[in-house]
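In the numbering used here, the protein residues as written are 88 to 335.
1) How is residue 247 classed by DSSP in three states: helix, strand or coil?
2) Do residue 252 and residue 163 count as a contact pair if the criterion is CB distance below 8 Å?
3) Any idea what DSSP makes of residue 213, helix, strand or coil?
4) Where residue 254 and residue 286 are concerned, what is the direct C-alpha to C-alpha distance, given to the nearest angstrom?
5) Looking only at its own chain, which residues have a Cβ that is under 7 Å from the Cβ of residue 266, when we skip the five neighbours before and after it?
6) What residue range is occupied by the uninterrupted beta strand (DSSP E) comprising residue 329?
7) So, at 6 Å on beta carbons, what are the nonlocal neighbours of residue 202 in its own chain, with the 5 sequence-adjacent residues on each side left out?
8) In terms of residue numbering, what span does the alpha helix (DSSP H) encompassing residue 117 cover?
9) Given a cut-off of 8 Å on the beta-carbon distance, is the pair residue 92 and residue 329 in contact?
10) In three-state DSSP terms, what is residue 186?
11) Could you spell out where the alpha helix (DSSP H) holding residue 131 opens and where it closes?
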């Protein structure tokens, strides 16, 4: 079921989203050689608590932590561990928060120290995918416009675009309708309306294959070819005056 948020709800989502974006950027500063996912998770929980929010991922369908920490071949849903980050790693950090009864969600992939030119390009293209997708958001357009522009941008680089996972509606719940695919499905989907709130999250795989699998822990979703991955995400409200990036 598609849900419309009113102007007051969007205002609250912007307030919570802005805080969440600041928290994620603060956590990103600690993505350094020798630090661990568990350290980042502890910081995320503390900062969310200080802000008066609730970590929305913790205990969601049984996920044990506040922060998803997905390293290298892990695309999303990585469980934080005590394994130290090493030079050249790509660390995806994904965080959701409930604030004043409403939810936002944001993610980025952070390089550890010096990374290869290939890794740098993967991050740049994934981030650019999110930026151009947001530009498509206008009342009367279609959710399928998002996947079309992402695929057009990504195709020359021969990266795989994950198909088994997608962006989603957000606001009253952690995940809502509609599904927001990051590839061209070949057909028009849901029409975009004033008051729609969605999370767009392109997920790219360096090796070119879009297929993924889940690790034995039941959570970490990794590239099937074990090649490097990247993931960026914002929660966005669409209004008659254009898109508002809530988690900026």
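The beta-carbon is built from N, C-alpha and C at its ideal position, and this holds for glycine as well.
In this text the structure is predicted, and so the values were computed from the model without any measurement.
In short:
1) On the chain shown, residue 247 is found 160 positions in, with the first residue counted as 1. DSSP places residue 247 in strand when its eight states are reduced to three.
2) For the purposes of this step, residue 163 is identified with residue 76 of the chain shown, where counting begins at 1. For the purposes of this step, residue 252 is identified with residue 165 of the chain shown, where counting begins at 1. Yes, the pair counts as a contact, with Cβ atoms nearer than the cut-off.
3) Locating residue 213 in the chain shown gives position 126, counting from the first residue. Reduced to three states, the DSSP call for residue 213 is helix.
4) Walking along the chain shown from the start, residue 254 turns up at place 167. Walking along the chain shown from the start, residue 286 turns up at place 199. Their backbone Cα atoms lie some 5 Å apart in a straight line.
5) If you number the chain shown from 1, residue 266 lands on position 179. Excluding positions up to five away in sequence, the list reads 253, 255.
6) Translated into the one-based positions of the chain shown, residue 329 becomes position 242. Here the beta strand (DSSP E) through residue 329 covers 329-332.
7) Taking the chain shown and counting its residues from 1, the one referred to as residue 202 is at position 115. Around residue 202: 175.
8) Residue numbering aside, residue 117 sits at position 30 when the chain shown is read from its first letter. Membership of residue 117 in any alpha helix (DSSP H) is not indicated, and neither H nor E is assigned to it by DSSP.
9) To locate residue 92, count along the chain shown from 1; it is residue 5. To locate residue 329, count along the chain shown from 1; it is residue 242. Cβ atoms of residue 92 and residue 329: not closer than 8 Å.
10) Position 99 of the chain shown holds residue 186. Strand, per DSSP.
11) Locating residue 131 in the chain shown gives position 44, counting from the first residue. Where residue 131 is concerned, the enclosing alpha helix (DSSP H) starts and stops at 124-137.
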